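Under the working numbering, the first residue of the sequence shown carries the number -17, and numbering increases by one thereafter. Backbone N, C-alpha and C fix where the C-beta goes; we use that ideal spot for every residue, glycine too. Computed from a prediction, not measured in an experiment: that's the story for all the values here.
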Amino acid sequence: MKKAFILVGVIVGIIWGIHGYFLMQVMSLEQELHDKKTELDNNIKLLNRKVMEYDKKLDLAAIKKNMEENRGMLMAEEIKYFEVSE
-17 MKKAFILVGV IVGIIWGIHG YFLMQVMSLE QELHDKKTEL DNNIKLLNRK VMEYDKKLDL
43 AAIKKNMEEN RGMLMAEEIK YFEVSE
């Protein structure tokens, strides 16, 4: 009977140790996932900021004026993509 209690205690101790080991692995993977998500959010914010800066620097009126003066191009007032003829 004493050997059975010792055997059960050893088995419980082994299972408890394995459980703790896997729990630590899961916690480290969750922390890594959290860090990657934070890094992704920061990169998305940086990308949006750079797109906004690019859009601010892009002056469409100056480009239109440049194309009209230097290259003789004009913008159409109305564009017909297709016409249906009967």
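Check your understanding: What is the residue span of the alpha helix (DSSP H) that Leu22 lies within?
Key -> Counting from one through the sequence shown, the residue named residue 22 turns up at place 40. Segment Lys(-16) to Lys39, the alpha helix (DSSP H) holding Leu22.
Check your understanding: How is Met49 classed by DSSP in three states: helix, strand or coil?
Key -> Looking up residue 49 in the sequence shown gives position 67. DSSP places Met49 in helix when its eight states are reduced to three.
Exercise for review: Could you check the C-alpha separation between Leu5 and Asn30 for me, to the nearest Å?
Suggested key: Mapped onto the sequence shown, residue 5 falls at position 23. Mapped onto the sequence shown, residue 30 falls at position 48. Distance between the alpha carbons of Leu5 and Asn30 is about 37 Å.
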